[in-house]
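For the sequence shown, the working numbering gives the first residue as 161, with consecutive numbering after it.
Reviewing the structure listed below.
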Amino acid sequence: MPATQKQRRPLVLAVDDAKAVRTIVETVLAPFDCNVEGAANGYNALFKMETALPDLIILDVNMPIMGGLEMLTMLKSKPELRAIPVVILASPADHAVLPQLKALGPAGLLMKPFAPAALLELVHNLISLQPAKA
């Protein structure tokens with residue numbers, strides 16, 4: 161790549177109705193050279209994706225308006241979106257929909273509460289992260 165071209169920073173879209181979870185994702189990824197955008201539900205996430213497609217989506221299951229199962233189904237049905245890796249964040253209460261989610265082929269699954277190190281390991285395995293420059 162020519163030195164005059166800047167490489168685009170990876171974009172991670174954190175989709176969870178709990179602001180605390182979105183903040184955890186931002187905090188875990190803060191030491192790395194990436195952008196983290198948040199959305200409170202699948203509908204808001206799809207709206208944000210009209211502007212820029214993320215390199216990775218971290219997706220909660222149970223959200224108002226459009227939940228994780230509905231959003232993942234929509235992503236996998238569109239050829240231009242199906243290659244975006246999706247990490248599902250599920251709680252024990254989501255056990256009934258886990259088989260449907262797994263059948264859609266998410267790139268990863270984390271059960272809440274999750275260890276920040278587990279999230280970081282999954283993200284590292286899915287996209288290239290470089291340390292942020294000071």
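All residues carry an ideal CB built from backbone N, CA and C; glycine is no exception.
Sub-7 Å separation of Pro245 and Leu216 beta-carbons: The answer is yes: Cβ separation under 7 Å.
Contact under 7 Å by Cβ, Leu282 with Gly268: With a cutoff of 7 Å on beta-carbon distance, Leu282 and Gly268 are scored as near each other.
Which of helix, strand or coil DSSP assigns to Asp220: If DSSP states are grouped into helix, strand and coil, Asp220 belongs with the strands.
Minimum length 4: unbroken alpha helix (DSSP H) runs contained in the stretch 206-283: With a minimum length of 4 residues, the continuous alpha helix (DSSP H) runs that stay inside the stretch 206-283 are 228-237, 258-263.
Buried versus exposed, by CB contacts within 10 Å (16 or more), Arg168: The Cβ neighbour count for Arg168, taken over all protein chains shown within 10 Å, is under 16; the residue is labelled exposed.
Outcome for Lys293 when other beta-carbon atoms lying within 10 angstroms are tallied against a minimum of 16: That one is exposed.
Classification of Asn201 by the beta-carbon crowding that lies within 10 angstroms, buried from 16 upward: Counting C-beta atoms within 10 angstroms of its own C-beta, Asn201 has 16 or more neighbours from the protein chains shown and is therefore classed as buried.
Cβ-Cβ separation, Asp177 to Pro224 (assumed contact under 8 Å), whole Å: About 6 Å separates the beta carbon of Pro224 from that of Asp177, a gap short enough to meet the 8 Å contact definition.
8 Å contact criterion, which Met234 and Tyr203 should meet: CB distance rounded: Wrong, their Cβ atoms sit about 10 Å apart, outside the cutoff.
Residue closest to Lys236, alpha-carbon to alpha-carbon, out of Val188, Gly265, Pro273: Looking only at Val188, Gly265, Pro273, the smallest Cα-Cα distance to Lys236 is reached by Gly265.
Completely contained alpha helix (DSSP H) runs for the stretch 173-207, where each covers 4 or more residues: If we require 4 residues or more, the alpha helix (DSSP H) runs fully inside the stretch 173-207 come out as 179-189.
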